[in-house]
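What follows is a single structure, written as structure tokens, with notes after it.
Residue numbers (the working numbering), protein chains in the order written: chain A, 39 to 152; chain B, 651 to 762.
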């Protein structure tokens, strides 16, 4: 079985400051990894994904994430946040063996202060 | 591309009534998923289809819930009879052969 842990339920950050949203996963098999963003009153939008290859993945809106297999982590980073980044961010995994089922973390609410 | 389309966007109904939620996936996507999101339980996968065939419905909470996908461009999620604890935002998502799901805007259901 797989599980995803997002340790921080809320992260407040000042505008133009850097941010890191943490994600750790547990799985006995290889997995694909994702970050989704949910803006208020909207559905989830794919931010970036790691399937294979380079462990540093760049996504939309200036976000990037680094896959660390030894630490089973996939932390999301942005060097300088904007008010428009205020949203909930979900880390997720899909096992290779069941390539359709996706397991989501509980989400991290990013709030940007001016 | 219009993305995943869901209707209605908001639904308010009374306990005991039948509720039907609709979804049009992105053309060419062969997987379709139904999720429910609440504050208490987060995002839960209810059921998913591959090429219109239900593959895993283990997340469907009760027999009151049913889902169909009569063709590649349409799916419904039905609750009959509805109960107040069914109040949530219901998302439909579709997925192409490569990884990464595309979510619709959701239907906010309130059962009084």
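Glycine included, every Cβ here is placed at the ideal spot set by N, Cα and C.
Give the residues of chain A in contact with residue 705/B, contact being defined as C-beta atoms less than 8 Å apart.
Taking the first residue of the second chain as 1, we reach residue 705/B at position 55. Simply 138.
Could you name the residues that DSSP lists as bridge partners for residue 692/B?
The count along the second chain starts at 1 and reaches residue 692/B at position 42. Answer by DSSP bridge pairing, in chain order: 688/B.
Going by the CB atoms, is the gap between residue 134/A and residue 68/A shorter than 7 Å?
On the first chain, residue 68/A is found 30 positions in, with the first residue counted as 1. On the first chain, residue 134/A is found 96 positions in, with the first residue counted as 1. In contact: residue 68/A and residue 134/A (Cβ atoms closer than 7 Å).
For residue 148/A and chain B, any beta-carbon pair shorter than 7 Å?
One-based indexing of the first chain puts residue 148/A at position 110. So, not an interface residue.
Could you check which residue in 704/B, 689/B, 697/B, 749/B has the C-alpha nearest to that of residue 710/B?
Residue 710/B sits at position 60 when you count from the first residue of the second chain. That would be 697/B, whose Cα lies nearest to the Cα of residue 710/B.
Measuring only the C-alpha atoms, how far is residue 63/A from residue 40/A?
The sequence position of residue 63/A within the first chain is 25, counting from 1. The sequence position of residue 40/A within the first chain is 2, counting from 1. Distance between the alpha carbons of residue 63/A and residue 40/A: 7 Å.
Note down, in chain order, all residues in the stretch 58–88 of chain A with a beta-carbon under 9 Å from any beta-carbon belonging to chain B.
The residues in question are 70, 72, 74, 76, 79, 80, 81, 82, 83, 84, 87.
Is it the case that the Cβ atoms of residue 731/B and residue 666/B are separated by a distance below 7 Å?
Counting from 1 along the second chain, the entry for residue 731/B is found at position 81. Counting from 1 along the second chain, the entry for residue 666/B is found at position 16. Closer than 7 Å, so yes.
Taking only three categories from DSSP, how would you classify residue 659/B?
On the second chain, residue 659/B is found 9 positions in, with the first residue counted as 1. Looking at residue 659/B - three-state DSSP - the assignment turns out to be coil, as it is neither helix nor strand.
Within the same chain, show all residues whose beta-carbon is closer than 7 Å to that of residue 741/B, passing over the 5 residues directly before and after it, in chain order.
In the second chain, the residue the question calls residue 741/B occupies position 91. 685, 687, 753, 754, 756, listed in sequence order.
Quick test of your reading: residue 113/A and residue 53/A, contact by CB under 8 Å. State the CB separation rounded to the nearest angstrom.
Counted from its first residue, the first chain places residue 113/A at position 75. Counted from its first residue, the first chain places residue 53/A at position 15. 21 Å between Cβ atoms; not a contact.
If I measure Cβ to Cβ from residue 145/A and keep anything under 6 Å in the same chain, skipping five residues before and after, which residues do I get?
Here the question's residue 145/A lines up with position 107 in the first chain. Closer than 6 Å at the Cβ level, and outside the excluded window around residue 145/A, lie 126, 128.
How should residue 98/A be labelled, buried or exposed, when 16 other C-beta atoms within 10 angstroms of its C-beta is the threshold for buried?
Position 60 of the first chain, counted from the start, is the residue given in the question as residue 98/A. Residue 98/A should be labelled exposed.
So if I threshold CB-CB distances at 8 Å, which residues from the stretch 731–743 of chain B count as touching chain A?
Within the stretch 731–743 of chain B, the qualifying residues are 741, 743.
To the nearest angstrom, how far is the alpha carbon of residue 663/B from that of residue 714/B?
Residue 663/B sits at position 13 when you count from the first residue of the second chain. Residue 714/B sits at position 64 when you count from the first residue of the second chain. Their backbone Cα atoms lie some 15 Å apart in a straight line.
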